[in-house]
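Student: Structure in structure tokens, see below.
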Amino acid sequence: MKTTKMIALQILVCCIVIATWKALESDTRRRWEQAYDSADNAVVEVATLTTIGTGFIFRYSRQSLIVTNEHVIEGASNIKIHFQDSIVADADIVDASSTNDIAVLRPRGVDLTRYAQLTEGTSHNLQIGDELMTIGYPLGESHHLSIGLYAGREKRQEIGHLLRLNMPVDPGNSGGPLIDDEGRVVGIVTLKDSRSSSISFAIPIEQIRLLKLP
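To get my numbering, take the position in the sequence shown, counting from 1, and add 1136.
This is the structure in structure tokens:
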């Protein structure tokens, strides 16, 4: 009888653990679905004659601008922004820094407030193993989603401290937003480790404060 009760108790505990795990998994999935839905409309393609990258509409200092990597638009005389609703606009450079690999753009003739506006989070509170997301245009794939893990910080001589990620990114992801599960931007995807398919890096979003914005 005791053995039967013990087995029944063990089965009950297992059922509770499985139900709890499924509930937590479902809650995590919903958070990422909500984060993607709220951010996707703010992600744009940034194209020059030689390069395709990603950018995002960012609400900063009470204005809406497009943020991307400086290396995406480096040396370009013509920059075009492709919005999700198929609008295409020429863009002017507001400011750019090759040192920090950040560029801020303003499209001509487009009211950015009609789209979603991403806001600044903080990279300082990230913990090893935190899940993060990016949306971009890798290899020409439109609004492709990647989810990975924060793996720490790494100093690169040419850029400075970067966020190290266990996240697959490809050419075209450059300039995309690195987003936490609350939909806030904590970094800007900038490069991948050529030796690995899953190690990549992002610029801490706080670096945008070093630019000279109007």
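In this text, a Cβ means the ideal position worked out from N, Cα and C, and glycines have one as well.
(1) So residue 1231 and residue 1349 are in contact, right, with Cβ under 8 Å, and what is the actual spacing, rounded?
(2) Report yes or no: do three or more beta-carbon pairs, one from the region 1222-1240 and one from the region 1282-1289, lie closer than 8 Å?
(3) Which one of 1244, 1184, 1179, 1347 has the shortest CA to CA distance from residue 1211?
(4) Helix, strand or coil for residue 1101? Go by DSSP, reduced to three states.
(5) Check whether the Cβ atoms of residue 1299 and residue 1276 sit closer than 9 Å, and answer yes or no.
(6) For the beta strand (DSSP E) that contains residue 1267, what are its first and last residues?
(7) Tell me where the beta strand (DSSP E) around residue 1238 begins and ends.
(8) Please report how far the alpha carbon of residue 1340 lies from the alpha carbon of residue 1167, in whole angstroms.
(9) Three or more C-beta pairs closer than 8 Å, one from the region 1203-1218 and one from the region 1328-1338: is that the case here?
(10) What separation, rounded to the nearest whole angstrom, lies between the Cα atoms of residue 1208 and residue 1189?
(11) Where does residue 1297 land, buried or exposed, given buried means 16+ other C-beta within 10 angstroms?
(12) Within the same chain, show all residues whose beta-carbon is closer than 8 Å to that of residue 1197, passing over the 5 residues directly before and after it, in chain order.
(13) Contact defined as beta carbons within less than 8 Å: I believe residue 1259 pairs with residue 1342. What is the distance between those atoms, to the nearest angstrom?
(14) In the structure shown, what three-state DSSP assignment does residue 1207 receive?
(15) So the beta strand (DSSP E) residue 1337 belongs to, where does it begin and stop?
(16) On the criterion of 16 or more Cβ atoms from any shown chain inside 10 Å, does residue 1158 qualify as buried, or is it exposed?
Tutor: According to the structure data:
(1) 6 Å
(2) no
(3) 1184
(4) The structure shown does not extend to residue 1101, since the chain is modelled only from 1137 to 1350, so the question has no answer here.
(5) no
(6) 1267-1272
(7) 1238-1243
(8) 22 Å
(9) no
(10) 6 Å
(11) exposed
(12) 1349
(13) 6 Å
(14) helix
(15) 1335-1340
(16) Note on residue 1158: pLDDT 47, under 50, position unreliable in the model; the coordinate value appears next. It counts as exposed.
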